[in-house]
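Worksheet: one structure, shown below.
Numbering (UniProt numbering), first residue to last: 1 to 585.
What follows is the structure, given as structure tokens:
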């Protein structure tokens, strides 16, 4: 967890599980294991949903270099490297030894920070500190007080390999690097394809199982390794190492109603023999621990796959007209702990979907293959992923972690978010407010960034709940991360002459009556000039002294032109979809 120097690391608390959690627990093949050991373990979804950058990692994040880092930090314990890794030390390692750019080093450090358990008040305090910095040196001085858990950060760096392109697996058909992949008619119940490993809990489990030995070796003290950085049958893991592994693995005890981090289960008295814990040495046998993990790991009962298979089907469409049978929306809020909520919507077509609901609060949301629709999700979200969507508008409540788009075309996205990342998008416009630089990954064309330009009554309350402030705001300073280079021509800033305010057409209770933080001066000036033009036009019409018949003809002409404009721009569909359907239909 990324923390300021003056704060203690919080204790991870067990999470409540609904009484419904037993229904989708695991496939039958794993039930015998659970009954024998009394424990069910699974790979956590959030580190992969939010933490794994959807871009091939730097080559220096390979196991070879991470092993060297693991040894190096332990020899620099007095220099801010272990057990807490301070930003200046990580900057030295990343920039000096791994030859990464400083911005990229900070990117990974800060993404890991965003996964940490920090209160909204702490996040708002950090935003205020940064907003008061006037120079880059002052920002670096504040960052130098930040640190992360060293061992967890090593695991975080390793799981970036999730999206590594492998020539071997490409040749045998498991994956192929492609900018776009458009199957004709996918089922929302099918397992996600290899192109979306971040939302594929089968990939999460396979990744951890396939690389479990390497993950455990990264956590070993140097004296427990051979000269070639490998473990032996007698290697021992510290309690801190197993606590770090809780970053990736959690579980529950059979028939219990709580989810526990891995280390709490491993230290449970009845499991000491299975987990390999020795009371006398206060260590774990790596050999026994690995065997116990492999025997106990199963599918995440609260992951995306379980949500699609056993989740509650929802009917959220505001207006249903002809195409509702295609739309599929499911959530697991009725059976998942609060920190495990997932909502998946697929194939919303020519509809207006509007929701502000407790079901959405703190949820990871995925919108897949939506087209020609207007989607309003006006609640504080944990993360938002938009994939393979076309010709639609998304208006979102504050997104606490990451808003990610992949393989989308002609979208307008309006949101306050901690971070925006985009890959393989074409002709998309982003009206955003964000304290982090937007990430432009590979495959994007004609991207437009613009200031956040709307509000709804509960917006500021929702921003406070997610720890998002109005400053700093880096909407206009994107970071090009892709391997295609730093060609800034892939994006543009919206010209002020093309800027308009967006009005959310729903009544809600709340106190927010204007755009939080206001607008940049150039855009505010453009609106004022347009307003002045309207007043001038109204004055001209008034001074024309038209007769009653002329006014009638003139009004009809203006209305016809306005109607033609509504049709040509597609706004007529948006307005029509706001009219409730007749009860008989």
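All C-beta atoms, glycine included, are put in the ideal place defined by N, C-alpha and C.
>> Going by DSSP in three states, residue 507 sits in which element: helix, strand or coil?
In response: Within the chain shown, the letter at position 507 stands for residue 507. For residue 507, the three-state secondary structure derived from DSSP is coil.
> Just reading off the beta strand (DSSP E) that residue 139 is part of, what are its end residues?
Replying inline: Numbered from 1 along the chain shown, position 139 holds the residue referred to as residue 139. For residue 139, there is no enclosing beta strand (DSSP E); the residue is found in the alpha helix (DSSP H) stretching over 136-143.
>> If the criterion is Cβ atoms closer than 8 Å, does the pair residue 157 and residue 61 meet it?
In response: In the chain shown, residue 157 corresponds to position 157, counting from 1. In the chain shown, residue 61 corresponds to position 61, counting from 1. Yes, the Cβ-Cβ distance between residue 157 and residue 61 is below 8 Å.
> So, using beta-carbon positions, are residue 420 and residue 434 closer together than 8 Å?
Replying inline: Indexing the chain shown from 1 puts residue 420 at position 420. Indexing the chain shown from 1 puts residue 434 at position 434. Judged by beta-carbon spacing, residue 434 lies within the 8 Å limit of residue 420, meaning their Cβ atoms are closer than that value.
> Does the distance from the CB of residue 432 to the CB of residue 478 come in under 8 Å?
Replying inline: In the chain shown, the residue the question calls residue 432 occupies position 432. In the chain shown, the residue the question calls residue 478 occupies position 478. In this structure, residue 478 does not lie closer than 8 Å to residue 432 by Cβ.
>> Could you compute how far the alpha carbon of residue 403 sits from the alpha carbon of residue 115?
In response: Mapped onto the chain shown, residue 403 falls at position 403. Mapped onto the chain shown, residue 115 falls at position 115. Residue 115 has its alpha-carbon roughly 14 Å from the corresponding atom of residue 403.
>> Cutting at 8 Å between CB atoms, please list the residues of its own chain near residue 575, excluding the five before and the five after it.
In response: Position 575 of the chain shown, counting from 1, holds the residue named residue 575. Cβ within range, chain order: 566.
> Whose C-alpha, out of 417, 371, 436, is nearest the C-alpha of residue 409?
Replying inline: Translated into the one-based positions of the chain shown, residue 409 becomes position 409. The option with the nearest alpha carbon to residue 409 is 371.
> How far does the beta strand (DSSP E) with residue 386 in it reach, from first residue to last?
Replying inline: In the chain shown, residue 386 corresponds to position 386, counting from 1. For residue 386, the enclosing beta strand (DSSP E) starts and ends at 383-387.
> For residue 356, which residues from the same chain have a beta carbon less than 6 Å from its beta carbon, with the 5 sequence-adjacent residues on both sides left out?
Replying inline: Here residue 356 refers to the residue found at position 356 of the chain shown. Cβ contact annotation for residue 356 (same chain, cutoff 6 Å, sequence separation greater than five): 378, 379, in chain order.
> In this structure, does DSSP put residue 458 in helix, strand or coil?
Replying inline: Here the question's residue 458 lines up with position 458 in the chain shown. Collapsing the DSSP output to three states places residue 458 in coil.
>> Let me check one thing: in DSSP terms, what residues is residue 603 bridge-paired to?
In response: The shown model of the chain, from 1 to 585, leaves out residue 603, and the question about it has no answer.
> Can you tell which of 326, 343, 282 has its C-alpha closest to the C-alpha of residue 312?
Replying inline: Working through the chain shown from its first residue, we reach residue 312 at position 312. Measuring from the Cα of residue 312, the nearest candidate turns out to be 343.
>> Can you look up residue 148 in the DSSP assignment and give me helix, strand or coil?
In response: The residue labelled residue 148 in the question sits at position 148 within the chain shown. Strand, per DSSP.
> Are at least three pairs of beta-carbons, each pair with one atom in the region 525-535 and one in the region 460-468, less than 8 Å apart?
Replying inline: Inter-segment contact for the region 525-535 and the region 460-468 is absent: fewer than three beta-carbon pairs are separated by less than 8 Å.
>> Going by DSSP in three states, residue 477 sits in which element: helix, strand or coil?
In response: Reading the chain shown from its first residue, position 477 is the one you call residue 477. Coil at residue 477, not helix or strand.
>> I need the straight-line Cα distance from residue 139 to residue 509, nearest angstrom please.
In response: The residue you call residue 139 lines up with position 139 of the chain shown. The residue you call residue 509 lines up with position 509 of the chain shown. The straight-line gap from Cα to Cα measures roughly 38 Å.
>> Rounding to the nearest angstrom, what Cα-Cα distance links residue 250 and residue 41 in this structure?
In response: Numbered from 1 along the chain shown, position 250 holds the residue referred to as residue 250. Numbered from 1 along the chain shown, position 41 holds the residue referred to as residue 41. Rounded to the nearest whole angstrom, the C-alpha separation of residue 250 and residue 41 is 6 Å.
> Where DSSP assigns a beta bridge to residue 243, which residues make up the other side?
Replying inline: Here the question's residue 243 lines up with position 243 in the chain shown. Partner(s): none; residue 243 has no beta bridge.
> Does DSSP classify residue 500 as helix, strand or coil?
Replying inline: The residue given as residue 500 occupies position 500 in the chain shown. Three-state DSSP puts residue 500 in coil, outside helix and strand.
>> Could you tell me the alpha carbon to alpha carbon distance between residue 299 and residue 106, rounded to whole angstroms?
In response: Reading the chain shown from its first residue, position 299 is the one you call residue 299. Reading the chain shown from its first residue, position 106 is the one you call residue 106. Near 33 Å, if we compare the C-alpha coordinates of residue 106 and residue 299.
> Relative to the C-alpha of residue 426, which residue among 415, 85, 492 is closest?
Replying inline: Locating residue 426 in the chain shown gives position 426, counting from the first residue. Residue 492 is the option with its Cα nearest to residue 426.
>> Under 8 Å, with one C-beta from each stretch per pair, do the region 42-59 and the region 196-207 reach the 3-pair mark?
In response: Touching, yes, given that three or more Cβ pairs across the two stretches are closer than 8 Å.
> On the three-state DSSP scale, how would you describe residue 13?
Replying inline: The sequence position of residue 13 within the chain shown is 13, counting from 1. Its pLDDT being 44, under 50, residue 13 is placed unreliably in this model, and the coordinates cannot settle the point.
>> Within 10 Å of its beta-carbon, does residue 233 have 16 or more other beta-carbons around it, so buried, or fewer, so exposed?
In response: Along the chain shown, one-based indexing puts residue 233 at 233. Exposed, since its Cβ has fewer than 16 Cβ neighbours within 10 Å.
> What are the residues that DSSP puts in a beta bridge with residue 354?
Replying inline: Here the question's residue 354 lines up with position 354 in the chain shown. Looking at the DSSP output, residue 354 shares a beta bridge with 376.
>> Using only the alpha-carbon positions, how far apart do residue 473 and residue 121 sit?
In response: Here residue 473 refers to the residue found at position 473 of the chain shown. Here residue 121 refers to the residue found at position 121 of the chain shown. In a straight line, the C-alpha of residue 473 is about 18 Å away from that of residue 121.
> Got a sec? Which residues, its chain only, sit under 8 Å from residue 497 by beta carbon, not counting five neighbours each side?
Replying inline: To locate residue 497, count along the chain shown from 1; it is residue 497. The residues are 526.
>> Rounding to the nearest angstrom, what Cα-Cα distance links residue 101 and residue 125 in this structure?
In response: Within the chain shown, the letter at position 101 stands for residue 101. Within the chain shown, the letter at position 125 stands for residue 125. Cα to Cα, the separation comes out at about 27 Å.
> Taking the continuous alpha helix (DSSP H) assigned at residue 210, which residues delimit it?
Replying inline: The residue you call residue 210 lines up with position 210 of the chain shown. From DSSP, the alpha helix (DSSP H) with residue 210 extends over 201-210.
>> Once the 5 residues before and after residue 104 are set aside, which same chain residues still bring their CB inside 8 Å of it?
In response: Numbered from 1 along the chain shown, position 104 holds the residue referred to as residue 104. Sequence-distant partners of residue 104 (beyond 5 residues in either direction) whose C-beta falls short of 8 Å from its own C-beta, in its chain, are 58, 94, 481.
>> In whole angstroms, give me the CA-to-CA distance for residue 448 and residue 148.
In response: Residue numbering aside, residue 448 sits at position 448 when the chain shown is read from its first letter. Residue numbering aside, residue 148 sits at position 148 when the chain shown is read from its first letter. Rounded to whole angstroms, residue 448 to residue 148 spans 34 Å at the Cα level.
> When the Cα atoms are used, what is the spatial distance from residue 84 to residue 150?
Replying inline: Counting from 1 along the chain shown, the entry for residue 84 is found at position 84. Counting from 1 along the chain shown, the entry for residue 150 is found at position 150. Approximately 5 Å, taken between the alpha carbons.
> Going by other Cβ atoms of all chains shown within 10 Å of its Cβ, with 16 needed for buried, is residue 594 buried or exposed?
Replying inline: The question about residue 594 has no answer, for the chain in this structure spans 1 to 585.
>> What does the alpha-carbon distance come out to for the pair residue 196 and residue 556?
In response: Your numbering for residue 196 matches position 196 in the chain shown. Your numbering for residue 556 matches position 556 in the chain shown. Each residue's alpha carbon lies about 52 Å from the other.
>> In this structure, how does DSSP classify residue 586 when only helix, strand and coil are distinguished?
In response: It is not possible to answer for residue 586, since the shown part of the chain is limited to 1 through 585.
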